[in-house]
Amino acid sequence: MESLLALIQHLRQKYNIPVENVRGHRELRGNGTTCPGYNIDPAQLRLKIKELDETEPPPTDPQPEVNPGEHVVLLPDSDKYFDAAATYIWHFQPDVSFAIDQAVGRWKYVTAVGGEDVISESQLDRLRNGGAILVQRITGDPDTVRATLDGLVDADLRFLDDSEPPTPEPQTYTVQSGDTLSRIALQVYGQASLWTIIYEANRDTLSDPSLIRPGQVLIIPPKPA
Numbered sequence: 017m018e019s020l021l022a023l024i025q026h027l028r029q030k031y032n033i034p035v036e037n038v039r040g041h042r043e044l045r046g047n048g049t050t051c052p053g054y055n056i057d058p059a060q061l062r063l064k065i066k067e068l069d070e071t072e073p074p075p076t077d078p079q080p081e082v083n084p085g086e087h088v089v090l091l092p093d094s095d096k097y098f099d100a101a102a103t104y105i106w107h108f109q110p111d112v113s114f115a116i117d118q119a120v121g122r123w124k125y126v127t128a129v130g131g132e133d134v135i136s137e138s139q140l141d142r143l144r145n146g147g148a149i150l151v152q153r154i155t156g157d158p159d160t161v162r163a164t165l166d167g168l169v170d171a172d173l174r175f176l177d178d179s180e181p182p183t184p185e186p187q188t189y190t191v192q193s194g195d196t197l198s199r200i201a202l203q204v205y206g207q208a209s210l211w212t213i214i215y216e217a218n219r220d221t222l223s224d225p226s227l228i229r230p231g232q233v234l235i236i237p238p239k240p241a
C-alpha cells in the first residue's frame with residue numbers, strides 16, 4: 017500500500033493531478049476489467065492521499081524536462097573553461113557554443129560559464145529577452161566552475177536551484193518562574209547585558225522589561241556578531 021501511495025504521489029506531482037481525478041478502474045464507465053488481486057477501495061485511497069497532502073511538505077519545484085537541442089552551455093574561452101565543463105557536458109549532452117551573441121533566440125535553456133568579465137549581464141539579458149526560459153551563470157575560475165558543475169552531475173541536476181531557502185522559524189523561550197530578561201539573556205547568549213535585544217524583539221507584547229510572567233513565550237533573536 018505504501019509503495020502504491022508513493023507512486024501515485026509521484027505521478028500527481030509530476031503531472032499536477034488533483035486528488036479528485038484519482039480513480040479506480042471500476043469507477044471508469046464501460047470498464048469491465050477484472051482484477052484478480054487485492055482490491056482497494058478508491059474512496060479510501062483518495063482519503064489517504066488527502067491525508068498525505070496535509071502532512072507532507074510541499075514538493076520542491078522540479079527540474080525542467082529538457083529535450084535534445086533545447087539546452088546550451090556557453091563557453092567564452094574554450095582553452096580556459098572547456099575542460100572544467102567536460103564532465104557536465106558529457107553527462108547531460110547539451111549543445112555547446114562559443115559564440116555568445118549568436119545564441120539569442122536559439123535555445124530555451126542556457127548555462128553560461130564565466131563571470132561578468134567574460135560574459136556580461138547585458139548579454140544574458142539579451143538571451144532572456146530573446147525567449148530563453150532559463151539563463152543561469154556558473155561563475156568563478158576554472159577550478160570553481162569544475163567543482164560547481166561536477167556537483168550538479170553528482171546530484172543529477174542539470175540546473176542550480178535558484179529558489180530562496182525557507183525562512184527559519186525564530187527561536188523562542190518560555191518564561192519560567194523567577195526569570196528576568198537579564199537571566200534569559202545570560203542563558204541563551206552567555207551575556208546578561210544583551211537583554212535589550214530580547215526586549216526590543218518583543219516590544220509588541222512587553223510594555224515593561226520587568227513585567228514578564230511565567231508561561232509567556234518570547235522571541236529570541238540571533239546573537240549579534
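Under our numbering, think of the first position of the sequence shown as 17, with each following residue one higher.
Virtual Cβ for every residue (Gly too), placed ideally from N, Cα, C.
Rounded to the nearest angstrom, the Cβ distance from Val-120 to Val-89 is 16 Å, too far for a contact under 8 Å. The DSSP assignment places 137-145 and 158-170 as complete runs of the alpha helix (DSSP H) inside the stretch 132-196, in order along the chain (cut-off: 4 residues). Membership of Leu-234 in the beta strand (DSSP E) is indicated by the continuous run 233-236. Counting C-beta pairs with one atom in each stretch, the stretch 99-112 and the stretch 156-173 have three or more that are closer than 8 Å, which means they touch. When the five nearest sequence neighbours on each side are left out, the beta carbons in the same chain lying within less than 8 Å of the beta carbon of Leu-210 are those of Ala-201, Lys-239 and Pro-240, in order along the chain.
By the Cβ neighbour-count rule, Ala-100 is buried, with 16 or more other Cβ atoms within 10 Å of its own. Around the Cβ of Pro-110, a 10 Å sphere holds 16 or more other Cβ atoms; the residue is buried. Ranked by how close their Cα comes to the Cα of Leu-227, the residues Gln-192, Phe-98 and Pro-237 have Gln-192 in first place. Going by DSSP, Thr-212 is part of no beta strand (DSSP E) but of the alpha helix (DSSP H) stretching over 211-217. For the 8 Å CB-CB criterion, Ile-213 and Pro-186 do not form a contact.
In terms of CA proximity to Asp-93, Phe-114 leads the group Glu-86, Phe-114, Glu-81 and Ser-136. Residue pairing by DSSP places Leu-90 opposite Ser-113 and Ala-128 in a beta bridge. Secondary structure at Val-120: coil, using DSSP grouped into helix, strand and coil.
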